[in-house]
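Numbering (the numbering used here), first residue to last: 17 to 760.
What follows is the structure in structure tokens.
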């Protein structure tokens, strides 16, 4: 179209004005520069060649052509991550760390070399900070200037791109001011320029075309790093073994990876080059990272301007009315989609995805837990609205109080939790588990009796009740439980033992009572074997001698566990975990259990079954008590049982104090029938017998076998899973009773 409003159809020559060739060439050059020159791929894998680097850049360029707003979201996420890393490293005194370091780390610029890794694995900024903070590696002392020296990108090309885009915008605005016609192709190019300015600002500190990495070495094995965080080394991972630190799934990234996988299945994947190695050997450049809220607002502004540009063609002449109307509808759709897409991304990133991960029982990474604790305007507003709506719906039944502070359980001084659950609408119940809870912040039985009625009065009846570990100060529970009736449907304990809980009363009241089956198994087995080694090696005598100022005292050689027979009374989860540890010390395993294990399990744990308790006692050098306390197991080991045991045997009890007759045990210790005993539990806790406090023949612990950070997490997770299962299927996973009443 020309300025004299004469319309030309078809190819327009350029000598007398702006011709078709001029418009097409200028728009294509501008769009190409916006999509190719302005993108910054991550560092390729060590074995990648030139074509791989071209593919990475081409993939980002194709992403920019598909949707320029994807590129701005990608750039803002990377800038946010780099900026967060600066704050974290500075907080630990590493003030040389800059935003360029953060970009370089997220690009895969730092790789970790550890003893049990076949090849170095790429790190990101969060993972590197974690390793530095834990002193697994030293903070790289490379300067920002040295990082910029690695930048192979042509600064002149960047300048040309910015100048071309700026000049294009200036001429475009000038034509609008003069009332001259513009084409829809020019409008499209302008929209790309808008995004270019945003990405150029976000990536101005990011190195480009870097081809080599920096290796940081750790003297600590990867397996030990994982174990020290309270996780299992054999747990599967998606990217690298360090996923537990920084994996942070945002909705856009999940959707992007899903559609990439679909495109690969049809053998057409222009947007992303698959990472084939496990663990990953590079950090792909198309992973969307979580954005900081202030930068999110910047991104939303750019996206809305990008979407609104197309409205400028609202009144320009089109070849036909139909084409004009199609353009208007598409322009409105772009703008509305910009608003809706931004809102969806916010809610999905901060609310829906974390809720779903928790509801599915997935473990959150360290970064996800940190994010859940941070205040966020959108999430906080959402929970306030949810709180208001729920209060309106339940006002007739008394209001429910939604805990909107975080998605991760708080650590408070009280160990008893009240969980308020909606008794209807079970499909909505699962995500509500994460929000609807109140904490009974008490420290003993009397406080619980005083504060629980106040909580009931304020928040209404309780449908589910969780008891965390460390519950002795709250005993007895009979009066506490009576306050929960008649509405409470389930009481879930995060601990394994339930002898102090009113099982029969709960059954009569129609209340499900559940325990944690596996949560404390590993931790208790650790303590059990620790006490086993302590009594066999007589560690207490050496420690006391050293504390009294004597180096060694009279040398009395201790026993060696090698070849000894360990008799396990109670081959449940704890007993099985104990057997695995004992086998590593070449101990022979015998067990007595109310039900014999399968032949497969006996082979797996290298355990031999004893049909009677006396048979096990007579053959065992060490007897470990790992059965629950019931009417049948109270005083299970008494005077007659000690007589059956080998002379000079050892006893370890981490189950319940009442299972072993303490008077009989003291007599056996004094007579030499039992050489030493390791005790974590006692008949009258916390007032244990004075003999155990003073005797050299006893190694004691204050009932802490299951009290570890990982056991706490697992126990509470099992408690929530029991509640979820009850309200979803009508039956919990690990009940200890069978009440007749069903869900209302």
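A virtual CB, placed ideally from N, CA and C, is assigned to each residue, including glycine.
For residue 738, the enclosing alpha helix (DSSP H) begins and ends at 725-745.
For residue 129, DSSP records a beta bridge to 233. The residue among 701, 654 and 640 with its C-alpha nearest the C-alpha of residue 671 is 640. For the pair residue 683 and residue 656, the Cα-to-Cα distance works out to about 12 Å. With contacts defined by Cβ atoms closer than 8 Å, residue 139 and residue 119 do not form a contacting pair. DSSP, reduced to helix, strand and coil, places residue 643 outside both helices and strands of the structure shown, so it counts as coil. Buried is the label assigned to residue 180, since at least 16 other Cβ atoms lie within 10 Å of its Cβ. Listed in chain order, the alpha helix (DSSP H) elements of length 4 or more contained wholly in the region 62-103 are 66-82. Residue environment for residue 60: buried (at least 16 other C-beta atoms within 10 angstroms of its C-beta). Shortest Cα-Cα distance from residue 212 to any of 312, 78, 177 and 190 involves 177.
Take residue 553, set aside five residues on each side of it, and the residues of its chain with a beta-carbon closer than 6 Å to its own are 574, in chain order.
Residue 604 has 581 as its beta-bridge partners, per DSSP. In the pairwise beta carbon analysis, the region 223-233 is classified as not touching the region 339-346: fewer than three pairs are separated by under 8 Å. Closest in C-alpha terms to residue 523, from the list 542, 502, 535 and 540, comes 502. Secondary structure of residue 694 (DSSP, three-state): strand. In this model, residue 185 and residue 210 are separated by some 9 Å (Cα to Cα). The region 253-326 is shown to contain whole alpha helix (DSSP H) runs of 4 or more residues at 259-262, 267-281 and 309-324, in chain order. Here DSSP, grouped into helix, strand and coil, assigns residue 176 to helix. The Cβ atoms of residue 533 and residue 589 sit closer than 8 Å to each other. Using a Cβ distance threshold of 8 Å, residue 668 and residue 555 do not count as a contacting pair. Taking a cut-off of 8 Å on C-beta distances, the region 613-633 touches the region 582-600, as three or more cross pairs fall below it. In this structure, the alpha-carbon of residue 745 lies about 21 Å from that of residue 731.
In the DSSP annotation of this structure, the continuous segment of the alpha helix (DSSP H) that includes residue 521 starts and ends at 519-524. If you draw a straight line from the Cα of residue 90 to the Cα of residue 243, it is about 33 Å long. Its Cα nearest to that of residue 483, the residue 736 stands out among 132, 662, 736 and 195. Bounds of the beta strand (DSSP E) holding residue 715 are 714-716.
In its chain, beyond the 5 residues on either side, 145 have a beta carbon closer than 6 Å to the beta carbon of residue 104. Note on residue 45: under 16 other CB atoms within 10 angstroms of its CB, so exposed under the neighbour-count rule. In this chain, the beta strand (DSSP E) harbouring residue 482 covers 480-483.
Under the three-pair Cβ rule at 8 Å, the region 341-356 counts as touching the region 313-320. Taking C-beta atoms under 8 Å as the contact rule, residue 269 and residue 304 qualify, at a distance of about 4 Å. For residue 625, the uninterrupted beta strand (DSSP E) run begins and ends at 623-625, by DSSP. Cβ-Cβ distances below 6 Å link residue 49 to 177 and 180 in the same chain, with the five nearest sequence neighbours on each side left out; the list follows chain order. Here residue 748 is near residue 528, since their CB atoms are less than 8 Å apart.
A distance below 7 Å between beta-carbons, with the five flanking residues on each side excluded, links residue 694 to the following residues of its chain, in chain order: 547, 548, 550, 551, 668 and 715. For the 8 Å CB-CB criterion, residue 717 and residue 543 form a contact.
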